[in-house]
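Chains as they are written, first to last, in the working numbering: chain C, 5 to 117; chain L, 12 to 125.
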C-alpha cells in the first residue's frame, strides 16, 4: 500500500535562509509524487511533480525537489526563503492501482523577518 | 479564467438538516473529486468521478453522496449531517484522472455542524 510521511509538522526559518521540507514515501511501483502549497483560506496549488523523468524537479517560486529512490524520499527545498513562502505544504503520492491521491499530513512553514 | 468554484464558502448548520455543497469547473475536466481536510490528518478523499455518471468512493465516503450528471458539476450532499462532518472541504478537478495531471482546487468550504 502506498503512504507518504512528512517528517516535520512545523518548520521555521528566517527570511533569506534555505528551506528544507522532508517527505518520505512508500510505493510498490515507480511513483508519481507531487508537492502542493496551501496559503491561508485558499485551495491547494501545485508546486511541482515527479513522474519518472528527471530526478531533480524544478517547480514554481524557486522550489525544487529531488527524487531519491534509494532513500524513498522526495524532499522540497528552496535556497532562500521569502516571507510569501509562509504556508502549509503537502507531499502527495499517486496510488499505484487506483485513481487516488494520498496526502501527507502537511508541514507548516513559518518565515521570520 | 480557469477555476474551480465552490459554494458556499462557509456554512453553519444543525445536525440532520440536509445540505449540498456545489462544485463547478470551467476547464472541461473529466476527473473531479472531493476532499475533507482536518488538522493533523491532511486531506482525505471522500468521492471521486472519472467522468459523467461515473463515481467511486474514496477513503472516507460514509455520510456523503455525490452525483455527476454534467461534466462541469460535482455536488457533495450530506443527507443527514452530523458534528463529526465539521471540516474544511475541497473540490478538485483535473483533465484526465490524476496521474501526471495537476489537480485544480477550489478555495474550500468550511462546514460547521452543530
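Ideal Cβ positions, reconstructed from N, Cα and C, are used throughout, including at glycine.
Just so it is clear, the structure is predicted and the values come from calculations on it, not from any experiment.
Nearest neighbour of residue i, chosen from the options [CA to CA]
| i | options | result |
| --- | --- | --- |
| residue 20/C | 42/C, 88/C, 96/C, 33/C | 88/C |
| residue 14/L | 47/L, 102/L, 29/L | 102/L |
| residue 82/C | 91/C, 69/C, 96/C, 73/C | 69/C |
| residue 8/C | 16/C, 23/C, 29/C | 29/C |
| residue 111/C | 5/C, 18/C, 65/C, 27/C | 27/C |
| residue 23/C | 99/C, 107/C, 92/C | 92/C |
| residue 34/C | 114/C, 97/C, 104/C, 105/C | 97/C |
| residue 99/C | 70/L, 88/L, 48/L | 70/L |
| residue 16/L | 107/L, 84/L, 93/L | 84/L |
| residue 84/C | 116/C, 107/C, 71/C | 116/C |
| residue 12/L | 73/L, 62/L, 38/L | 38/L |
| residue 17/C | 95/C, 109/C, 106/C, 86/C | 86/C |
| residue 25/L | 90/L, 116/L, 82/L, 106/L | 90/L |
| residue 40/L | 50/L, 82/L, 75/L | 82/L |
| residue 15/C | 90/C, 52/C, 53/C | 90/C |
| residue 48/C | 107/L, 92/L, 116/L | 116/L |
| residue 57/C | 75/C, 36/C, 74/C | 36/C |
| residue 67/C | 104/C, 44/C, 10/C, 40/C | 40/C |
Identity of the residues DSSP links to residue i by a beta bridge
| i | result |
| --- | --- |
| residue 56/L | 46/L |
| residue 104/L | 43/L, 115/L |
| residue 67/L | 59/L |
| residue 14/L | DSSP output for residue 14/L lists no bridge partner at all. |
| residue 121/L | 21/L, 99/L |
| residue 68/C | 62/C, 81/C |
| residue 14/C | 112/C |
| residue 40/C | 50/C, 94/C |
| residue 7/C | 30/C |
| residue 45/C | None; residue 45/C has no bridge partner. |
| residue 82/L | The partner list for residue 82/L (beta bridge, DSSP) is empty, contrary to what the question assumes. |
| residue 73/C | BP columns for residue 73/C are empty, so no partner. |
Start and end residues, beta strand (DSSP E) containing residue i
| i | result |
| --- | --- |
| residue 30/L | 30 to 36 |
| residue 53/C | 48 to 54 |
| residue 30/C | 27 to 30 |
| residue 92/C | 91 to 98 |
| residue 107/C | 105 to 107 |
Residues of its chain near residue i, where Cβ-Cβ distance is below 8 angstroms and the 5 sequence neighbours each way are ignored
| i | result |
| --- | --- |
| residue 19/L | 32, 120 |
| residue 66/L | 58, 59, 60, 77, 78, 79 |
| residue 106/C | 6, 7, 8, 96, 97, 98, 99 |
7 angstroms Cβ shell around residue i - same chain, five flanking residues per side excluded
| i | result |
| --- | --- |
| residue 122/L | 22, 96, 97, 98, 100 |
7 angstroms Cβ cutoff, residue i in contact with chain A
| i | result |
| --- | --- |
| residue 109/C | In the structure shown, chain A cannot be found, because the protein chains are C and L. |
Neighbourhood of residue i by C-beta, 6 angstroms cutoff - its chain only, sequence neighbours within 5 removed
| i | result |
| --- | --- |
| residue 77/C | 28 |
| residue 62/C | 68 |
Inset, instruction - Check whether the stretch 22 to 30 of chain L touches the stretch 42 to 54 of chain L, counting contact only when three or more Cβ pairs, one atom from each stretch, lie closer than 8 angstroms. - result: no
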